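**Student:**
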Amino acid sequence: RKAIWTLVDIMSRHHKYDGLLRNCFRCLYSKELVEHTGFVLTKFATALVSVLHSTSCLNILLYVFDKLSSLMRSPPASKKIQLSEMKPIEKTLDILRYLNNLDPLGQQQNPLKVMEVGWSFLCNITAHCPECCIQFCESGGVEIVLACYQSHRETFVKALPTLFGAFGN
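Its first residue numbered 885, the sequence shown is counted upward by one per residue in our numbering.
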């Protein structure tokens, strides 16, 4: 348990160092490990949002969105609202807007996969939480959904359920 808290502390304090973050994420990748140690959702999610705000590395964004999506599947709306105060919805939409304009073939990591997991996070954080839905809409979420669909409707089929799940919420 102490080792996991140390990793989260490292992520919170040194979130600008991609190599260090990658190594921390490798240690924390197992959701079972996090649950087994009685890890506190809020502390881990807060660290992930700090990383979200500071990295542009697609591999790290993929991990962060994946973990945030998992963490936001079932918590009460109050936990989602608490996390939303750190502006992960707005930042995710900014990232998705940026990734939507990239050429997937010109990238080392396919931005479509990162987008798919980003939409999954948005779908989960907005589910059953009107406050997060309002943030989504006020931050241009509907416009980004439509832009992503227009740009990638043929290549983005796997992500359509979460893309329109966030839209529907």
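Where a beta carbon is used, it is the ideal one built from N, C-alpha and C, also for glycine. None of the values given here were measured: they were computed from a predicted structure.
(1) Taking the beta carbon of His1012 as the centre, do at least 16 other beta carbons fall within 10 Å, making it buried, or is it exposed?
(2) Looking at the secondary structure, which residues open and close the alpha helix (DSSP H) in which Cys911 lies?
(3) Assuming Ser854 and Glu974 are in contact, meaning their beta carbons sit under 8 Å apart, how far apart are those beta carbons, in whole angstroms?
(4) If you compare alpha carbons, which of Thr939, Asn985, Ala929 and Tyr982 is closest to Phe1005?
(5) For Ile1028 and Leu980, which I take to be in contact (beta-carbon distance under 8 Å), what is that distance rounded to the nearest angstrom?
(6) Taking the alpha carbon of Tyr982 as the reference point, which residue from Ser958, Cys1007, Leu955 and Leu942 has its own alpha carbon closest?
(7) Whose C-beta lies closer than 7 Å to the C-beta of Val948 among residues of the same chain, with five residues either side of it excluded?
(8) Can you say whether Gly922 is buried or exposed, counting buried as having 16 or more other CB atoms within 10 angstroms of its CB?
(9) Alpha carbon to alpha carbon, how far is Ala887 from Pro995? Give it in angstroms, no decimals.
(10) Could you work out which residue in Leu946, Asn984 and Lys927 is closest to Lys964 when comparing CA atoms only?
(11) So, for Leu891: in the same chain, excluding its five sequence neighbours on each side, which residues have a beta-carbon less than 7 Å away from its beta-carbon?
(12) With a CB to CB cut of under 7 Å and the five nearest residues on each side skipped, what residues in its chain are close to Val831?
**Tutor:** Considering the structure as presented:
(1) Taking the first residue of the sequence shown as 1, we reach residue 1012 at position 128. By the 10 Å Cβ count, His1012 comes out exposed.
(2) Position 27 of the sequence shown, counted from the first residue, corresponds to residue 911. Asp902 to Leu912 is the extent of the alpha helix (DSSP H) around Cys911.
(3) Since the first residue shown for the chain is 885 and the last is 1053, residue 854 is missing from the structure and cannot be characterised.
(4) Along the sequence shown, one-based indexing puts residue 1005 at 121. Ranking the options by Cα distance to Phe1005, first place goes to Ala929.
(5) Counting from one through the sequence shown, the residue named residue 1028 turns up at place 144. Counting from one through the sequence shown, the residue named residue 980 turns up at place 96. Contact annotation, Ile1028 with Leu980: C-beta distance approximately 6 Å; criterion of less than 8 Å satisfied.
(6) Here residue 982 corresponds to residue number 98 of the sequence shown, with the count starting at 1. For Tyr982, the closest alpha carbon among the candidates Ser958, Cys1007, Leu955 and Leu942 is that of Leu942.
(7) Numbered from its first residue, the sequence shown carries residue 948 at position 64. In its chain, beyond the 5 residues on either side, Leu932, Val935 and Leu936 have a beta carbon closer than 7 Å to the beta carbon of Val948.
(8) Residue 922 sits at position 38 when you count from the first residue of the sequence shown. With a pLDDT of only 46 at Gly922, under 50, the local geometry of the prediction cannot be trusted, and the value read off the model is given with reservation. That one is exposed.
(9) Reading the sequence shown from its first residue, position 111 is the one you call residue 995. Reading the sequence shown from its first residue, position 3 is the one you call residue 887. Rounded to the nearest angstrom, the two C-alpha atoms are 32 Å apart.
(10) By one-based count along the sequence shown, residue 964 stands at place 80. Considering only alpha carbons, the answer is Lys927.
(11) The residue you call residue 891 lines up with position 7 of the sequence shown. Cys908, Cys911 and Leu912.
(12) Residue 831 is absent from the model: the chain starts at 885 and stops at 1053.
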